[in-house]
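Residue numbers for the sequence shown follow the numbering used here, beginning at 119 and rising by one. All residues carry an ideal CB built from backbone N, CA and C; glycine is no exception.
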Amino acid sequence: MADKKNEQNIKVLGAFGTKAKGFGTISFMLNASTVVDAGNLLDTLAQKSVAINSIWLTHSHLDHIVDIAYILDNYFTKREETLIVYGLPATIKAIKENFLNDTIWPDFSKIKLYGSHKMAVEYKEVEIAKVYEIAQGEYIEAFETDHTVDCCGYLYTKHNKTIMMCADTYSLENIQKILESRKDIKSLIVECSFSNSMEKLAKDSKHLNAKLLFSQLNKIKRDDIHLYINHIKPTYIEQITKEIEENKGSWKPKILKDEDFIYF
């Protein structure tokens, strides 16, 4: 086995599909200043969240955006750089109109940082399939997923190694196509929100259960992918874990939890 110190890694800040005591919602730390989604920044990073200057959002649902509000509020006087919020056009529109809108929470895009001429927040729209350089040797690229609102996952590449973060989805069709065309992707993070008995709810809300997940994963013509599962609803974690084990076939999934590291 390779020395993990020499492998790329990301930190799981939040791994679950809803908040509960001891369970944070979705967020991944790519480097000291960059995260994908903002579901659980304060619990895991505390004051280190001051260094977060870029948040790449998958979509506008609350479990993926909530801590944008709190890292701005808690550490406003300590921040020195504008927080850039990236997302699909519909995601940015939803946050401007329904979240940081001076009604639910202050519109920080109109507020300057403490003692600075820089604005607290800036929004930037993301294009599907466009590659963005986020640091030297680090790149991020959005791909479409199948959810109830406009939603994307991200391919994160560091020094020519890539991990696929799927976000919320019901269909894996697009994900399958990408995996079969991109051999540099060796690690896949995918959701499993509900138990098998809640298949109608999964379909209606465009999420996955173990049965739906593995029936689609089994169509992928590769056997060299490390599989990680997130977005489980904490109330059903024991049942969903059991069903993942029963449905996994030849896959060897790891169920993620807050503060895990993923090496890729």
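Rounded to a whole number of angstroms, what is the C-alpha to C-alpha distance between Ala120 and Leu306? The pLDDT assigned to Ala120 is 44, lower than 50, so where the model puts this residue is not dependable; a value taken from the coordinates is nonetheless given after this. Ala120 and Leu306 have their C-alpha atoms spaced approximately 19 Å apart.
Less than 6 Å between C-beta atoms, sequence neighbours within five positions excluded: which residues of the same chain meet that for Glu199? If we look at Glu199 and ignore the five residues flanking it on each side, its Cβ neighbours are Asn171.
How far does the alpha helix (DSSP H) with Asn213 in it reach, from first residue to last? First, the residue type needs correcting, since residue 213 is Ile and not Asn in the sequence shown. For Ile213, the enclosing alpha helix (DSSP H) has its first and last residue at Pro207 to Asn216.
So Asp376 packs on Gly132, CB below 8 Å; how close in whole Å? Between Asp376 and Gly132 the beta-carbon gap is near 6 Å, inside 8 Å, which marks them as a contact.
Is the distance from the Cβ of Ile252 to the Cβ of Tyr272 below 7 Å? One thing to note: Ile252 has its Cβ no nearer than 7 Å to the Cβ of Tyr272.
What do you reckon, are the CB atoms on Leu148 and Ile128 nearer than 7 Å? A Cβ-Cβ contact shorter than 7 Å links Leu148 with Ile128.
Is the Cβ-Cβ distance between Asp268 and Leu206 less than 7 Å? Inclusion of Asp268 and Leu206 in the CB contact set at 7 Å is warranted, their separation being smaller than that value.
What's the C-alpha gap between Tyr354 and Ala320? The alpha-carbon of Tyr354 is positioned some 13 Å away from that of Ala320.
Would you decide whether Val239 is buried or exposed? Buried here means 16 or more other CB atoms lie within 10 Å of its CB. It is buried - the Cβ of Val239 has at least 16 other Cβ atoms within 10 Å.
From the DSSP output, read off the bridge partner residues of Trp223. According to DSSP, which records beta bridges pairwise, Trp223 is partnered with Leu218.
Roughly how many angstroms lie between the CA atoms of Ser313 and Asn348, to the nearest whole one? Approximately 13 Å, taken between the alpha carbons.
Does Ser172 come out as helix, strand or coil in the three-state DSSP assignment? Reduced to three states, the DSSP call for Ser172 is strand.
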